[in-house]
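One structure below.
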Amino acid sequence: MDYNGWALQDFDDTQVPVQFPEGFESDTFLTAHPGRLDFYSAGHTHTASLMVEIWDGEPAVPAGEWDETALASIVCSSGKLRARGMAAGPMPEAIELSDGPGVWTVRVVCTGREAAAAQTQHGVVHGVERYIAQFWPNA
1 MDYNGWALQD FDDTQVPVQF PEGFESDTFL TAHPGRLDFY SAGHTHTASL MVEIWDGEPA
61 VPAGEWDETA LASIVCSSGK LRARGMAAGP MPEAIELSDG PGVWTVRVVC TGREAAAAQT
121 QHGVVHGVER YIAQFWPNA
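For the sequence shown, full-length UniProt numbering gives the first residue as 1, with consecutive numbering after it.
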């Protein structure tokens with residue numbers, strides 16, 4: 001995480017008309033763009049944890065207390081996503097949604113935002129802000 005932002009973007013960059021971070025909206029937890037999902041983090045520079053779940057249908061909201069919860073849709077032409085930082089660029093690992101293109105609904109929940117905002121003012125922290133992203137195919 002850097003500059004309070006990150007994204008999940010289609011692994012095939014040629015299918016994303018506007019590459020991250022162009023059009024990034026600060027102060028909005030989750031913003032959907034064609035081929036990408038942008039996230040506003042509470043902490044400036046840190047390592048957050050991200051758990052991705054792939055479901056056949058809409059799952060229940062994960063148990064626990066969440067600072068933020070949001071729903072969005074994404075068209076993923078490659079069937080894979082890649083996490084990207086504002087300045088750090090793409091992460092090497094792919095997030096496999098399916099073996100082909102599809103339209104997906106995602107629910108993202110997050111906790112640890114207040115602590116991340118406070119702690120990143122004093123240095124880089126790890127795992128304080130935690131995200132769960134639940135994907136399922138649009139019906």
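C-beta atoms are modelled at their ideal positions from N, C-alpha and C, and glycine is treated no differently.
Alpha-carbon spacing of residue i relative to residue j, whole angstroms
i    : j    : result
A118 : G43  : 8 Å
I54  : F135 : 5 Å
E65  : P92  : 31 Å
D67  : Y3   : 20 Å
L97  : R84  : 17 Å
A63  : V128 : 18 Å
L81  : G5   : 16 Å
F29  : V61  : 17 Å
Supposed contact pair residue j and residue i - C-beta distance, whole angstroms, cut 8 Å
i    : j    : result
A7   : R36  : 5 Å
A116 : S41  : 7 Å
P21  : M86  : 5 Å
H126 : H46  : 7 Å
P59  : G102 : No, P59 and G102 are not in contact; Cβ-Cβ is about 17 Å, not under 8 Å.
Residue of the options minimising C-alpha distance to residue i
i    : options                  : result
D12  : P90, P137, A139 and N138 : P90
V108 : E58, P92 and T69         : T69
P34  : P62, W104, V75 and E25   : V75
Y131 : W104, T120, S49 and D99  : S49
D99  : G112, S77, C110 and V106 : S77
T31  : T120, V124 and V106      : V106
Boundaries (first-last residue) of the beta strand (DSSP E) holding residue i
i   : result
F39 : R36 to Y40
What are the start and end residues of each continuous alpha helix (DSSP H) run of 4 or more residues lying completely inside the region 76-125, in chain order?
113-119
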